[in-house]
Structure formats: structure tokens, C-alpha cells
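Residue numbers (the working numbering): 463 to 714.
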């Protein structure tokens with residue numbers, strides 16, 4: 463039986479979640495955080511319904527004190543981006559309790575060294591990276607679920623780009639939107655396929671057997687600061703002061 467990436471994450475982390483409970487949950491406009499009773503904290507992008515807004519969480523007011531494994535299972539709830547967000551943030555908190563794979567602190571674009579002749583497919587709009595990529599002279603296609611970003615293409619139009627690209631930069635929010643398996647299936651023979659962003663699940667095992675070559679994510683260094691920023695609607699630019707950004711190379 464082939465498991466999806468979210469299901470692989472749940473299967474890997476379920477034993478780690480045993481005997482742990484949830485101490486805090488913050489659902490912000492941009493990110494969500496989950497802190498466990500051992501002090502470990504994880505974050506994930508706050509998923510939104512396609513109609514706009516993040517919807518309602520039916521378990522709101524009762525999440526704190528629940529077993530960590532129960533919130534982890536929310537990553538596999540269909541058609542509920544907010545529940546998936548909570549599940550992924552829980553999984554990311556749990557990764558602190560398993561042996562950490564070797565990481566590098568090099569900035570991802572420097573690490574993969576994109577050449578002018580190459581074709582880059584970006585899944586999800588990473589605003590700060592776009593001008594830097596254009597400066598390399600590469601061909602850049604940016605695929606977005608929403609059409610409100612100029613110069614982007616739809617997921618349907620992006621399938622041929624993924625099949626032909628040399629480098630793929632894939633937002634980790636695709637785990638929340640349930641599109642990551644489809645995106646990875648559409649990839650051709652890319653020399654580098656990067657899962658990117660603070661939501662990234664920082665353990666390579668779930669990506670074995672896929673085209674993913676790098677996981678570029680973040681670990682929470684200052685939980686209280688991160689929780690406050692998330693509660694006040696902050697995003698990556700402010701959060702990065704309190705997180706350590708690292709990359710796992712699956713094929714060093």
C-alpha cells in the first residue's frame with residue numbers, strides 16, 4: 463500500500479507522540495504553533511479554505527491537554543486545511559524528540575547553485591527568492607493555487623513545467639493543501655527538488671523514494687517569542703529572528 467506524505471509523517475511520529483500531551487496551540491493569520499508538555503514547539507502555515515478564510519476548528523477550546531498523538535492524526539483529515547495545519551505543527555514539534563539528521567546552514571540558493579541555462583519550477587510564491595532567481599538568468603515558472611500574484615501560472619499549467627524543470631522549489635505548505643504527492647509525481651528528472659519553508663517536516667525518511675533532494679526548513683529556538691508573534695499575526699520575516707533555518711541534504 464502506497465502511503466501519502468502526510469500518512470508517512472503520522473506513521474513515523476505516532477510512536478514519538480506516546481505519553482506526550484499538548485500544552486499550547488496558537489492559530490495565527492499566517493502560521494500556527496503547537497507546544498508539547500516537554501517544551502518542544504513546531505509551526506506550520508495556517509491552511510485556508512479555497513473560498514477564503516481559515517474556517518472554524520470544531521475542537522477549539524479543548525485542544526490543550528489532549529494527547530499529542532490525537533492532534534498528529536489531524537494531519538490526515540480530508541478537506542480540513544486548518545486541522546491539517548494543527549497536525550503538521552504537532553509533527554514538527556515531535557521531530558525534536560528523534561535523532562536529528564545532519565544539516566547545513568548554507569542558504570538554499572547558494573547550496574543548489576542555479577545556472578543561467580537552467581529551468582526552475584517554483585511551486586508556491588516565495589517573494590524574496592523571485593528577484594534573486596531572475597538575476598541568475600534562469601527560466602523561472604511560478605505555480606500558485608491562487609491567481610492574485612502577477613506572473614504566476616496555475617497548477618494545471620505548471621504540470622508540464624515540473625516535468626521539464628532542472629530545479630524544483632516546492633513550498634512545504636503543499637503538505638497542508640494535500641498537493642505535495644501530486645507535485646512530486648509530476649516531477650521529471652530534476653537535479654534538485656527542494657521542499658522549502660518553515661512548515662517543512664525536517665526528517666528525510668518520509669521523502670525516501672521520492673524526487674526530493676533537499677528539505678529546507680526551520681526549528682523553533684525561542685518558543686515564547688514565536689508564540690507571541692504568531693498570536694499577533696506575524697509572518698516569516700519576523701519569526702526568522704527566533705528560528706534556526708537549516709537544510710537537510712538527502713543526496714549529499
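Ideal placement from N, C-alpha and C gives every residue a C-beta, glycine not left out.
Distance from the CA of residue 496 to the CA of residue 466, rounded to the nearest whole angstrom, comes to 23 Å. Nearest C-alpha to residue 472 among 696, 553, 580, 670: 553. In the three-state reduction of the DSSP assignment, residue 475 falls in the helix class. DSSP links residue 603 through a beta bridge to 583. When DSSP states are grouped into helix, strand and coil, residue 640 belongs to the coil group. A straight-line Cα-Cα distance of about 7 Å links residue 712 and residue 674. 501 is the residue among 628, 501, 532 whose C-alpha sits nearest the C-alpha of residue 559. With distances taken between CA atoms, residue 704 lies nearest to 503 out of 639, 476, 503. Taking all protein chains shown into account, residue 597 has fewer than 16 neighbouring C-beta atoms within 10 Å of its C-beta and is therefore exposed. Under DSSP, residue 707 takes part in a beta bridge, and its partners are 680. Taking C-beta separations shorter than 7 Å and ignoring five residues to either side along the sequence, the partners of residue 476 in its chain run 531, 534, following chain order.
For the pair residue 566 and residue 587, the CB atoms are not nearer than the 9 Å cut-off.
Counting along the chain, residue 592 sits inside the alpha helix (DSSP H) bounded by residues 591 to 598. By the CB criterion at 9 Å, residue 493 and residue 661 fall inside the cutoff. By the Cβ-count criterion, residue 612 is exposed, with fewer than 16 other Cβ atoms from all chains shown falling within 10 Å of its own Cβ. Counted as a single uninterrupted DSSP element, the stretch harbouring residue 616 is not any beta strand (DSSP E), since DSSP gives it neither H nor E. Contact between the segment 518 to 526 and the segment 481 to 489 is present, with at least three C-beta pairs closer than 8 Å. With a contact defined as Cβ atoms closer than 8 Å, residue 602 and residue 632 miss out at about 14 Å.
Contact check for residue 656 against residue 574 passes: the beta carbons are separated by less than 9 Å.
For residue 582, the closest of 649, 699, 474, 561 by C-alpha to C-alpha distance is 649. About 7 Å separates the CB atoms of residue 576 and residue 595; that is less than 8 Å, so the two are in contact. DSSP links residue 489 through a beta bridge to 494. According to DSSP, residue 539 shares a beta bridge with no other residue.
Judged by DSSP in its simplified three-state form, residue 563 adopts coil rather than helix or strand. Burial is judged here by how many other beta carbons sit within 10 angstroms of a residue's own beta carbon; residue 593 has fewer than 16 and is exposed.
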